[in-house]
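Chains as they are written, first to last, in this note's numbering: chain S, 3 to 328; chain P, 8 to 680; chain W, 856 to 1160. Glycine is no exception: its CB is placed at the ideal position from the N, C-alpha and C atoms.
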Amino acid sequence: MSSRLFASRRERWLAKRIPPARQVRLDQRRIFILPTREGLLFGVALLVMLLAAINYQNSLAYGLTFLLLSLGLITILHTWRNLAGLQLAAGEAPPVFAGEQACFRVRLQSSGRAHSGIALGWPPAALQRLDVAADGSGEVELFLPAGQRGWLRAPRLRVESRFPLGLLVAWSWVDLDLAALVYPRPVSGELPPAGGVGEDDDEPGSAAQRSGVDDFQGLRPWQSGDSRRRLHWKAWSRGQGLLVKDFTELHSHDLWLDFDSLGGDREARLSLLCHWVVHLTAHGQPFGLRLPGVSRPPALGGAQRDLCLRDLALFGLPAAAQGRQP
Amino acid sequence: MKKTPLPIPRISLLWLLVAQVLVILPHLFHLPVWIGGLWLVCATWRIQVFRQRTNYPGGLTKAFMLIAAAAGVYASRGSLMGLDAGVALLVSTFLLKLVELKTRRDALVLVFLGFFTVLTSYLFDDGLPAALYSLLPVTALLAALIGLQQSGLSDKPWPTLRLAGSLLLQAVPLMLVLFVLFPRLGPLWSVPMPGTGGSRGLAESMTPGDIAELSQSSALAFRASFAGPIPPRRDLYWRALTFEQFDGRRWSQLDEMTRSRPDWRPEGPSLSYSIVMQASGQPWLFALDTATTDLEHTRQMGDFRLQRRRPVDQSLLYSVTSWPQARREVQGSPRLDVALQLPDHGNPRARQWAAELKARHGGDPQGLVDDLLGHFAREEYYYTLKPPLAGEDTVDHFLFDTRRGFCAHYAGAMTFVLRAAGIPARVVAGYQGGEVNPAGNYVQVNQFDAHAWVEYWLPGHGWISADPTFQVAPTRIEQGLQQALPAEDTFLADAPLSPLRYRHVEWLNQLRLSWDNLNYTWQRKVLGYQGAEQLKLLESWFGNVDPARIGMILLACLGLLFGGLALVLLKPWKRPHDPLLRQYRRFERLLARQGVRRGAGEGPLAFAERAALALPGQAAEIRAFAQRFAHQRYADAAADPAALRRLLGRLRRQLPWRPWWRTGNASAGVRGG
Amino acid sequence: MRTQLESCLAAVNQVLLGKDRQVRLALACLLARGHLLLEDLPGMGKTTLSHALARVLGLSYQRIQFTSDLLPGDILGTSVFNRDNGQFIFHPGPIFAELVLADEINRATPKSQSALLEAMEERQVTIEGATRPLPEPFFVIATQNPVSQGGTFALPESQLDRFLMRISLGYPARAAEKALLLGEARRDLLPRLEPVLDHAALARIQAEVPGIHASEAVIDYVLRLVEATRSQPAFALGLSPRGSLALLAAARAWAMLAGRDYVIPEDVQAVLPAVAGHRLRDAADPAGHGGGALVQWLLREVTPF
């Protein structure tokens, strides 16, 4: 209870100090620094060495102890500097299906100096490490499990560096406004036959399409696998090479994926629709999608697939969860 | 969630292996030989593990290796306690840890162990070369530590080392401040000291051969710096201890009689000087007669020597004030009878001669002493490092038969005769003379300067020193041993390479003296920088030295250095923006003060156009600036921030002055889409 | 050169009143060797614009009315057997003109659409195995009717990407419309338009467009814009690399029209709606035409510095 209270207060404090932004430059207000466990161990070792120096009254032992202590002190600057000035920018986060790992790209850009051993991630998961060359940039892919459909908002990202000695850790919590669209988990299943075409009869375009028989479209060069019966022998006899008569197959009716025609609860229906969107796109079959309040006319291709999956992902979610509109 | 242990990057492992060699190298001089073999085994094993030719050792193997190492230490040191055995154990652990080096945490432990092992090497050798050398293992250990943090992608070891070196360099100023200002405490508890192969230098008892043996050693005994001019060489009789008991062959000291405080009065001018003595393994210090010191746990003993409570196990710096003309125990002492002790039998000829002398001089003991000394000068006595072997009655044999001997022979014989004649006398052992180093204006005394002379007591005068050797070989006293033995060629005969043998080669001698001076400065200024010396220095700098004040000064110095380093490292004046953009930001701030703000997505000319509409009076200047800015930034033109600054200045003069805190209110009306 | 371009614009503006900006964009599109998609209701002057451009620039002009039964051969041309000499003779289609107006392109089947679009991209056509180059310059203005969706085949993204710009003329301003009503029929003015440029001059100007200096600062701005479209969650589809190239090319042409030999952020901003609007997809807009709001967001939020 109290820890949750603390967490929420910390979150609010952080939000004020490091507000969410797609691009963040780490500066002194955003970097925190503390000794690591190794640093504490180093302190204990220094104490033992100091005791030895005192008891043996040995100036060199004092010298070595102080040298290491000074190193520990200046490491504060180096560790801090290793993080300061680093620019983080949110990159693409391609959509994923629920149950998969969402991948967030984060770009790190150096302005001026090199940044070594930068680690990013969401504890307690292991952090990803990379180096950024001076005036260079680097990119990391961070993964979060995508639990349910909708927008997956990544929590605050921990950026830390223990370079150079590992005795101190400088870190920051940045909110890069990372979000990935999570499509429903595809679940295969049977689609009800002839997903409702009826109400489209009055549209002029559909008649033209439905009357479709095999229309001669033109000639194209022969490729292996083409039927011999379609060879354009006349052209061949004229010495124009092997040409094939190309016919286009217009679909007698469009395939509609209709939410209302399915049974089961909402998520199960969405999962099934999701499966079919993927499946039909993979098999090159045009389709339309109809959800309560949303209608996508039949089409084919990656864009259609993406749009339909997006509709499925966000269907029925409150507006706030549909992602921020620019 | 359990984190998988991070593997050790290649570069880190490489530097760890290098560091290990560097760390144990100075220890090999005093550690058992098998440690080297252990290192070879461990390093080979670890490299094979890295090349995936073999596996990490199992728990049993590890336990066996540990026990074997401990047994080895016990076998070669006879104990597991004590500093020697402790360090041997530490180094063994440091080596064995390498084999089970798996995770970064293991490596970290190894690095810290390494630092500690470097520290222990200082207990055995704290000279300047050793100190400089120890920077190598420290740098390598640091490189290993840095390598642990690098993300395994880099495969070049040198940048890591360079970084380690630069970190060390940056740490040096802070280290110096800490070294000078950090308060030195006395030892918190007693710790075992390195047993450096027994005591060196003068021993608790003496046969004549002992000093002859010391004369073959070119090792350093101590160095002394005088506050005033250095007294002439012939006056430099450095007392170490006295021998009061003679058993016919051997002179030795009497324990019980040295405890009580002697009675003496300072008289005449005094000499102030400081001495840095090498570890001797013995408690007595060296000083000119009659000496006092304020060194802790040190007192003047009954025979006027200075003695510390504990043996001198490390080089020691102390300051002394001496009164050469002081009168000592004029009133007599209850122990004078000890100074008359002789064995019951032996050396009949010497006794008889003493009786003759006594009869001749009767009530004039000083005359007797003068006669005795004159005897050595008059008769055919020779000073040699190779006296013939002594017979049964050593004194008789020397005085009447061979007449060849070393300082110990002369001092022993004279004391014997004086005692036999009823004059209290004793042998004083110490060093005589020393080499004046002109570079550093100090006297350096080596073991071959060991000497023995005589002290006798006369009523009304107290103790008086006399040196029979001076009668025989005045060059020994006035110039030194080497000059006293020109024909014999026995000086440092066992050490043909010792630079001391080549003092006649001018440049070599100069080199040796400078190097020696450097070492002495090192010893005095660095190694001797302990409690009293620190206080003295701080007092001369800051006057009053109460701990709070020193603490403040320490913190202030650290803060200053830290801040300076921060400035150098972070370069806050170096903005990431280019100069053109900086001028443009100023332009924006200037207009924002007038209530015209640029929208996030607004281009420079579009904004200028809007600002010109809002501020028609300054439209020309605004446009001129924006045009020039756009031209410099976007056309292929040379950047000229100065021109922009001029245009900006012109605009600023045109604008009505408005303070920066009154900027917000006017903006709402003008802010465009 | 600048005066030539200015007089071109002035001439077209005589015919098409109050559409200065669109005319300028169309000319910039042509100078950048891109193709233009006009999206508008009928009667807004799409044909007039294209015809006027063709005349002013001295280009040969062809119009293809796209219908659902239009076949690729109708666009590209066909080989016809000549009985007299027993040879096949190629009859070039209407695409073999320098400025082609593809009217209502979304009425044709995807097959015919792609025949046109592939020709646009490759600037040559392959008919019955023989490859024939299209004239140089070659400029396609395609029009699309956004309202009537019945029986149409909306251009897929991949095809939309081939148009450098998409603009819509929109209703004329009141004053312009009044002048329109008062004056003589604008179409009658068309034949009287005199060519301002010849082929050589046009080629020279087109060759100069890539030489317009785009500084690193401007390229950074373009990159920021492109990155925003790829990383912001509201963008269903980001700009492709072809899109960013198009943006820079169009900005260069726009800078040239403004008489500058370097690109400033305002140039990029001026062409951004036309270049990026049809390449962006906002999920909130089911028709997929809603790049407008996203472009406005980009203009507002992505800083040029």
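Measuring from the CB of A644 of chain P, is there a heavy atom of the ligand NAP at a distance below 7 Å? Among the components of this structure there are no ligands whatsoever, and the ligand NAP is therefore not found.
Tell me which same chain residues have a C-beta within less than 7 Å of the C-beta of Q877 of chain W, skipping the five on either side of it? I1022 and L1024
Roughly how many angstroms lie between the CA atoms of A210 of chain S and E991 of chain W, to the nearest whole one? Annotation note: pLDDT 36 at A210 of chain S (below 50); position unreliable, coordinate value reported separately. Distance between the alpha carbons of A210 of chain S and E991 of chain W: 37 Å.
Please report the distance separating the alpha-carbon of V935 of chain W from that of A1101 of chain W. 39 Å
K543 of chain P classed as buried or exposed, judged by whether at least 16 other C-beta atoms fall within 10 angstroms: exposed
Are E386 of chain P and Q332 of chain P closer than 8 Å when you measure CB to CB? no
Supposed contact pair A346 of chain P and P431 of chain P - C-beta distance, whole angstroms, cut 8 Å: 3 Å
Tell me the residue span of the beta strand (DSSP E) that contains F1090 of chain W. F1090 to L1092
Closest by C-alpha distance to Y244 of chain P, when choosing among P:L295, P:R316 and P:Y81: P:L295
Whole-number beta carbon distance between V176 of chain S and V98 of chain S, since they are thought to touch under 8 Å: Not really, about 22 Å apart at Cβ, beyond 8 Å.
Rounded to whole angstroms, how far is the Cβ of L70 of chain S from the Cβ of L53 of chain S, which I believe are closer than 8 Å? The pair is not a contact, with the Cβ atoms about 14 Å apart (cut-off 8 Å).
Which of helix, strand or coil does DSSP assign to Y527 of chain P? helix
Proximal chain W residues relative to R556 of chain P, where beta-carbon distance stays under 7 Å: The contacting residues do not exist; R556 of chain P stays about 53 Å from chain W at best.
Drop a sphere of 10 angstroms on the beta-carbon of I944 of chain W, count the other beta-carbons inside from all chains shown, and report buried for 16 or more, exposed for fewer. exposed
May I ask you to report which of helix, strand or coil DSSP gives N961 of chain W? helix
Determine, using beta-carbon pairs with one atom in the segment 107-121 of chain P and one in the segment 13-29 of chain P, whether at least three such pairs fall under 8 Å. yes
On the premise that L105 of chain P lies in contact with A150 of chain P, defined as a C-beta separation below 8 Å, what is that separation, rounded to the nearest angstrom? With a Cβ gap of about 16 Å, A150 of chain P and L105 of chain P do not count as contacting.
What residues from chain W crowd round G123 of chain S, counting only those whose CB sits closer than 7 Å? Under the 7 Å cutoff, chain W gives no residues; its nearest Cβ is about 19 Å from G123 of chain S.
In the structure shown, what three-state DSSP assignment does E485 of chain P receive? helix
Note down, in chain order, each residue of its chain lying with its Cβ closer than 8 Å to the Cβ of L88 of chain S, except the 5 sequence neighbours on either side. R27, L28, L110, Q111, S112, H117, I120, V134 and V161
Check whether the Cβ of G65 of chain S lies closer than 8 Å to any Cβ atom in chain B. Given the protein chain composition of this structure (S, P and W), no chain B is represented.
Could you confirm whether any beta carbon from chain P is found closer than 8 Å to the beta carbon of S862 of chain W? no
Using the Cα positions of Q307 of chain P and A298 of chain P, report the straight-line distance between them to the nearest angstrom. 8 Å
Within 8 Å, strictly: CB atoms of P1065 of chain W and R1107 of chain W: yes
Do the segment 33-41 of chain P and the segment 74-90 of chain P meet, that is, are 3 or more Cβ pairs less than 8 Å apart? yes
For S1086 of chain W, decide whether its Cβ has a neighbour in chain S, counting only Cβ atoms nearer than 8 Å. yes
Confirm, please, whether the CB-CB distance from I78 of chain S to I35 of chain S is below 8 Å. yes
Output yes or no for whether 8 Å exceeds the beta carbon distance between V995 of chain W and V955 of chain W. yes
Closest by C-alpha distance to L662 of chain P, when choosing among P:M72, P:E107, P:F614 and P:L622: P:L622
If distances are taken between C-alpha atoms only, which option among P:Q625, P:N516, P:P144 and P:N354 comes closest to H34 of chain P? P:P144
Note the first and the last residue of the continuous beta strand (DSSP E) segment covering Q920 of chain W. Y916 to Q920
Which bits of chain W does L612 of chain P rub up against, with CB to CB less than 7 Å? I1119 and E1121
In whole angstroms, what is the alpha-carbon distance linking Q27 of chain P and S259 of chain P? 47 Å
Output the distance between the C-alpha atoms of V215 of chain S and L925 of chain W, rounded to the nearest integer angstrom. With a pLDDT of 39 at V215 of chain S, under the threshold of 50, the modelled position of this residue cannot be trusted; read the value that follows with caution. In a straight line, the C-alpha of V215 of chain S is about 16 Å away from that of L925 of chain W.
Please work out which residues of its chain come closer than 6 Å, Cβ to Cβ, to G374 of chain P, disregarding the five sequence neighbours upstream and downstream, and give them in chain order. H368
What is the rounded straight-line gap between the Cα of L73 of chain P and the Cα of G440 of chain P? 52 Å
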